[in-house]
Structure formats: structure tokens, C-alpha cells
Amino acid sequence: MTSTIDPKQYEVWFVTGSQHLYGSQTLEKVNKHSTEIAAALDRSPRIPQRVVFKPVMTDPDEISRLCLDANSSPNCIGLIAWMHTFSPAKMWIAGLSLLQKPLAHLHTQYNREIPWSEIDMDFMNLNQSAHGDREFGFIGARMRLSRKVIVGHWQDEDVQSSIGTWMRAACAWADWQGTRVVRLGDNMREVAVTEGDKVEAQLRLGYAVNGYGVGDVVTYVNEVADAEVDRLIGEYEERYQVAAELRAGGARHQQLRHGARQEIGIRRFLDERKAKAWTTTFEDLHGLDQLPGLAAQRLMNDGYGYGAEGDWKTAALVRAMMVMAYGLEGGTSFMEDYTYHLDPSGMKILGSHMLEVSEQIAAENEQPHLEVHPLSIGGKADPVRLVFDARTGPAVTATIVDMGNRFRMVVNEVDAVPMDQPLPKLPVARALWLPRPDLKTATTAWILAGGAHHTGFSYALTAEHLEDFAEMAGIEFLLINHDTTLSAFKKEIHWNEMYYLLANGLR
Numbered sequence: 387m388t389s390t391i392d393p394k395q396y397e398v399w400f401v402t403g404s405q406h407l408y409g410s411q412t413l414e415k416v417n418k419h420s421t422e423i424a425a426a427l428d429r430s431p432r433i434p435q436r437v438v439f440k441p442v443m444t445d446p447d448e449i450s451r452l453c454l455d456a457n458s459s460p461n462c463i464g465l466i467a468w469m470h471t472f473s474p475a476k477m478w479i480a481g482l483s484l485l486q487k488p489l490a491h492l493h494t495q496y497n498r499e500i501p502w503s504e505i506d507m508d509f510m511n512l513n514q515s516a517h518g519d520r521e522f523g524f525i526g527a528r529m530r531l532s533r534k535v536i537v538g539h540w541q542d543e544d545v546q547s548s549i550g551t552w553m554r555a556a557c558a559w560a561d562w563q564g565t566r567v568v569r570l571g572d573n574m575r576e577v578a579v580t581e582g583d584k585v586e587a588q589l590r591l592g593y594a595v596n597g598y599g600v601g602d603v604v605t606y607v608n609e610v611a612d613a614e615v616d617r618l619i620g621e622y623e624e625r626y627q628v629a630a631e632l633r634a635g636g637a638r639h640q641q642l643r644h645g646a647r648q649e650i651g652i653r654r655f656l657d658e659r660k661a662k663a664w665t666t667t668f669e670d671l672h673g674l675d676q677l678p679g680l681a682a683q684r685l686m687n688d689g690y691g692y693g694a695e696g697d698w699k700t701a702a703l704v705r706a707m708m709v710m711a712y713g714l715e716g717g718t719s720f721m722e723d724y725t726y727h728l729d730p731s732g733m734k735i736l737g738s739h740m741l742e743v744s745e746q747i748a749a750e751n752e753q754p755h756l757e758v759h760p761l762s763i764g765g766k767a768d769p770v771r772l773v774f775d776a777r778t779g780p781a782v783t784a785t786i787v788d789m790g791n792r793f794r795m796v797v798n799e800v801d802a803v804p805m806d807q808p809l810p811k812l813p814v815a816r817a818l819w820l821p822r823p824d825l826k827t828a829t830t831a832w833i834l835a836g837g838a839h840h841t842g843f844s845y846a847l848t849a850e851h852l853e854d855f856a857e858m859a860g861i862e863f864l865l866i867n868h869d870t871t872l873s874a875f876k877k878e879i880h881w882n883e884m885y886y887l888l889a890n891g892l893r
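According to this note's numbering, the residues represented by the sequence shown are 387 to 893, in order.
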């Protein structure tokens with residue numbers, strides 16, 4: 387399988403601010419130090435994309451040109467700004483007003499420590515980031531700019547990791563711009579949370595959602611050659627534990643062939659439309675013999691976002707989370723909070739879906755089972771699917787909902803745990819987790835925030851990745867974690883409501 391995600395094309399520009407007041411010798415040192423820092427960040431294993439040094443900025447015109455160049459560069463996904471000396475912030479206003487790419491403000495200095503016995507006024511004039519960055523910080527605050535502030539020495543691992551987290555979010559934001567989400571059929575009838583304003587999403591978030599008739603896909607599925615199906619089934623047999631009844635000569639081998647044919651046809655349909663995410667609904671499967679659950683599982687493994695029941699917001703979110711997580715351990719998937727274990731000694735959530743959970747999150751060293759079982763919903767033939775338990779460990783579950791005047795992201799930090807007992811009669815992919823701080827608090831907060839039942843679920847990402855991404859996208863961010871109290875969470879919702887009503891007037 388080939389991933390649809392290619393973040394190697396992206397780069398971040400490292401921009402240093404100064405001014406001519408200090409003379410050419412000082413500016414030469416500023417340039418030398420900035421080049422060294424950019425190169426070190428570029429080499430860091432904690433930073434996933436290239437860091438490209440840009441000449442030191444000393445006047446408004448060159449800053450404006452830089453920002454316009456960044457906007458027009460398809461490879462540039464954002465700027466990291468650092469003020470080595472004092473850089474008067476009025477000269478940044480025009481450029482920052484033009485900038486359309488994410489901004490990170492690195493508050494660092496070249497030297498780690500004060501050279502106590504040697505420090506003089508020349509050193510002080512050169513190393514002024516302690517107040518130069520405050521000047522830059524003011525103009526960012528005055529202009530109400532969305533940006534991430536990262537504080538610490540540039541060689542420290544935590545600083546580099548924080549830069550890397552921001553860069554992963556910037557990759558996902560760049561990927562969203564122009565992304566196409568294919569909606570096969572419409573929304574599940576009468577469901578509210580999976581609806582939303584697709585025009586507003588394209589205006590604010592950059593991706594387009596368009597519907598297609600299921601019959602359009604059926605044509606592609608029916609045109610798949612038998613030889614292509616044979617090759618894909620060969621891959622299945624190498625990769626999974628295939629049930630005997632699904633193997634060649636088995637009583638239900640044709641069901642597996644239908645599932646493989648769907649995967650090939652849907653993949654081809656998406657690729658021809660340059661789509662990176664898609665949705666289905668079991669209420670609209672006209673012409674398909676079974677719900678394409680295996681196709682959804684397998685396509686997610688290659689980086690296609692997915693949302694069930696027409697949930698285009700979750701499809702786009704899962705795609706963004708997969709881009710952010712590229713190259714990290716753990717895996718990401720579409721997920722749904724399905725049912726609870728309300729034993730007072732340990733309340734947990736069993737997450738699953740009818741079929742569509744990605745093998746990316748399968749337990750380590752577990753080979754998924756490829757099986758066929760009744761679905762009991764939808765009125766179609768019994769679908770094939772991958773069955774497995776998810777891995778254990780810390781994870782995040784996230785959702786995006788349309789609040790009418792804004793989009794809202796709700797994130798819960800969780801701890802995935804082993805199944806208490808086997809689930810022999812539940813042949814689906816599934817995960818079990820303890821939400822932080824506890825099920826009652828987390829679930830109450832989630833419901834108060836209007837969080838959906840569909841989510842993106844990831845072991846690879848942290849809340850920091852998602853908060854950085856929400857900041858770039860202008861999405862409201864609500865975090866439920868071990869520090870959450872319902873009293874404070876309710877106040878945050880109310881404060882946010884007022885903020886978003888007033889925010890446009892503040893700019």
C-alpha cells in the first residue's frame with residue numbers, strides 16, 4: 387500500500403529580526419548566529435520538515451516582500467520568527483498584515499548562559515532577545531495574531547520538540563488547503579451533529595466537500611478486473627489471518643471478492659478526483675452489495691480521511707490528524723464512542739464502529755483477522771471486515787462540530803487499556819479507554835460542549851498538536867484532561883461564547 391501523505395515537500399522559513407542601528411559588524415554576527423540556529427533546527431530529529439534560513443530582516447519593505455513570498459510559495463508552511471536584537475515592531479506591521487501562513491515566535495537567545503566574567507556592552511547590544519522578543523510579542527498581541535510562542539534555548543530538546551509539534555500542525559493546515567472530501571450519498575437522515583455548513587468550511591478551513599451519487603462509484607466497482615481482485619486478495623492473505631470460509635473455495639469467498647472489488651473501485655474513484663477524504667452512509671448503498679467497511683479500513687491505512695454516515699467534518703479531521711502523525715509511532719483512526727462499562731471500580735468507554743476502524747491502531751504484534759459477519763443494519767449482504775483489539779497507552783480523541791458562528795474542536799486525553807475480557811461475539815475492531823480525568827467528568831464536559839459521537843482517535847498525537855492546529859485554523863479549542871473540573875469547563879464555554887461574538891470587532 388502507498389501512503390497519500392507526502393510532507394517532505396514542505397518547509398518552514400527561519401526569520402530573524404534586527405535593525406541597522408547596531409552597525410554592520412553586529413548584523414554580521416546576527417546573520418552568523420541565525421544561520422547556525424536554522425541549520426541546527428534543520429538537522430534535529432525532533433523537527434520533521436526542512437528549516438530554511440532567510441536573511442536577517444532590518445526594514446519594513448523586505449519584511450513585506452518576505453511575507454508575500456511565503457504566501458506564494460507552495461512549499462512554505464509557516465514562519466519561525468526570532469528577534470536576536472531589538473527589532474522595532476512597527477516595521478513588522480505591514481508584512482504581518484499580509485502574512486497568510488502560520489507563525490511561530492521562538493523566544494530564545496544564541497548563548498545559553500550569561501558569560502559572567504566577560505559580559506560587556508557589546509555583548510548586551512548583540513544579545514537583546516529578552517526585550518526584542520517582547521517588542522515583537524506586543525505587535526503580535528496588538529494585531530490579534532494567531533501564533534505559537536515557544537520559549538527556551540534553541541538546543542534544548544523540549545524546545546525543538548515543541549517546534550516540531552507546531553510544524554506537524556502546519557503540515558496538516560497546508561494539506562487542508564484545497565483538499566477535496568468526497569461524500570458518497572448524503573448525511574444519515576435526521577442526524578444533526580454530522581451536518582454543517584460546507585460553504586463556511588471551505589471559506590474558513592480551506593477544504594471542499596462535494597457529494598456524488600453512489601451509482602457513480604458502482605460503475606467503478608463493476609469495472610474492476612478479476613485479475614486485480616486476485617492480486618489484492620493475495621495481499622490480504624499475506625497481511626491478515628483470513629477466515630477459511632473467505633479463502634478460495636470457501637463458502638463465502640465471493641463476499642471477499644466483492645469487498646476487494648469495492649476497495650479497488652473506491653480508491654480509483656477518489657484518486658481520479660484527487661480526493662484525500664471521503665464518507666459513506668449505510669442508508670445510501672444503492673448498487674453496492676455490502677457496506678464498504680474493509681475499503682474504509684484499508685484506505686485509512688494509506689492516509690485517506692474517513693467519516694461514517696456522511697460525516698465530512700470528521701473525515702477531514704481524520705485526514706489532518708494522519709498528516710500530523712506521519713512518521714510517528716502509534717497510529718490514527720476514525721472512531722466512535724460506542725458503549726460504556728459503568729462499573730464503579732473502573733468506568734471505561736468501548737470505542738468501535740460498525741466496521742470502519744483503521745488497522746493503524748491495531749495492537750502491536752497482533753495480526754488482524756479478516757472475517758465476514760452480519761451487520762444487522764442497512765439491509766445489505768454481510769460485509770467483510772478486519773477484526774482486532776487496539777493497542778494500549780495514552781491517546782487523544784478529538785471531534786469538530788459546527789456551532790453556527792464558528793467551528794469547535796473538543797479533545798479528550800485518554801488512556802487505552804486492555805479488554806477486561808474477550809469479546810467473542812463482537813467481530814469488529816475496537817478500543818477500550820479510560821477518559822481523563824474520569825468517565826463522569828469527561829463525558830459530562832464532552833456533552834456540554836456538544837462533542838460528536840464520531841471522532842479522530844490517535845496514539846501518535848498529543849493535545850498540543852491539536853491545539854496548535856486549531857489555532858492555525860481559527861477553530862475554538864476545548865480540552866478535557868486530568869485538570870478538568872466541570873465548574874471551570876462551563877465557565878470556559880460561556881467565556882468563549884462571548885469571545886467569538888466579539889472577536890471580529892476587536893480586529
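From the three backbone atoms N, C-alpha and C, an ideal C-beta is built for every residue, glycine too.
Assigned with DSSP and collapsed to three states, D768 falls in coil, not helix or strand.
By a beta-carbon distance limit of 8 angstroms, T783 contacts N798. Their separation comes to about 5 angstroms.
By the neighbour-count criterion, in which 16 or more other beta carbons inside 10 Å mark a residue as buried, K662 falls on the buried side. Across the set F655, T725, V401, the C-alpha of T725 shows the shortest separation from the C-alpha of M733.
Runs of the beta strand (DSSP E) spanning 3 or more residues and lying entirely within the segment 807–858 occur at 817–821, 840–844, in chain order. Look at the beta carbons and you see the segment 733–748 not touching the segment 648–658: under three pairs across the two are nearer than 8 angstroms.
For the pair S389 and S503, the Cα-to-Cα distance works out to about 55 angstroms. Taking C-alpha positions only, D561 is separated from A694 by approximately 21 angstroms. At a Cβ-Cβ threshold of 8 angstroms, A681 and T565 do not count as neighbours. Within its own chain, the residues whose Cβ lies closer than 6 angstroms to the Cβ of A556, once the five positions on either side in sequence are excluded, are I463, G464, P488, listed in chain order. Less than 8 angstroms separates the beta-carbon of H840 from that of T580. The Cβ neighbour count for K699, taken over all protein chains shown within 10 Å, is at least 16; the residue is labelled buried. Just so you know, the alpha carbons of E715 and D445 end up roughly 43 angstroms apart.
Beta-carbon to beta-carbon, H470 and V416 are separated by about 5 angstroms, close enough to satisfy the 8 angstroms threshold. Secondary structure at L756: strand, using DSSP grouped into helix, strand and coil.
If you draw a straight line from the Cα of T665 to the Cα of L761, it comes to about 18 angstroms. Comparing alpha-carbon positions, the option among P754, G842, N596 lying closest to E745 turns out to be P754. According to DSSP, residue pairing for H491 in a beta bridge involves A467, V535.
Within a 10 Å sphere around the beta-carbon of M707 sit 16 or more other beta-carbons, which makes this residue buried. Between K584 and Q676, the CB-CB gap reaches or exceeds 8 angstroms. In this structure H493 is in contact with V535, their Cβ atoms being roughly 6 angstroms apart against a cut-off of 8 angstroms. Taking C-beta atoms as the reference points, A516 and Q495 count as a pair closer than 8 angstroms.
Remark: C-beta atoms of P678 and I650 do not approach each other more closely than 8 angstroms.
One alpha carbon belongs to G571, the other to Q648, and they sit about 16 angstroms apart. A distance below 8 angstroms separates the beta carbons of S473 and S404.
The Cβ atoms of V615 and Y622 lie no closer than 8 angstroms to each other.
Under a 10 Å Cβ-count criterion, P393 is classified as buried, with 16 or more other Cβ atoms of the shown protein chains found around its own Cβ.
In the same chain as Q395, and ignoring 5 residues on each side of it, the C-beta atoms closer than 7 angstroms to its own belong to N461, in chain order. The DSSP assignment places complete alpha helix (DSSP H) segments of no fewer than 4 residues inside the segment 497–547 at 507–512, 515–528, in order along the chain. Contact annotation, N513 with L485: C-beta distance approximately 26 angstroms; criterion of less than 8 angstroms not satisfied. Considering only Y712, E543, I866, Q588, the residue with the shortest C-alpha distance to T785 is I866.
Bridge pairing for R792: absent [DSSP].
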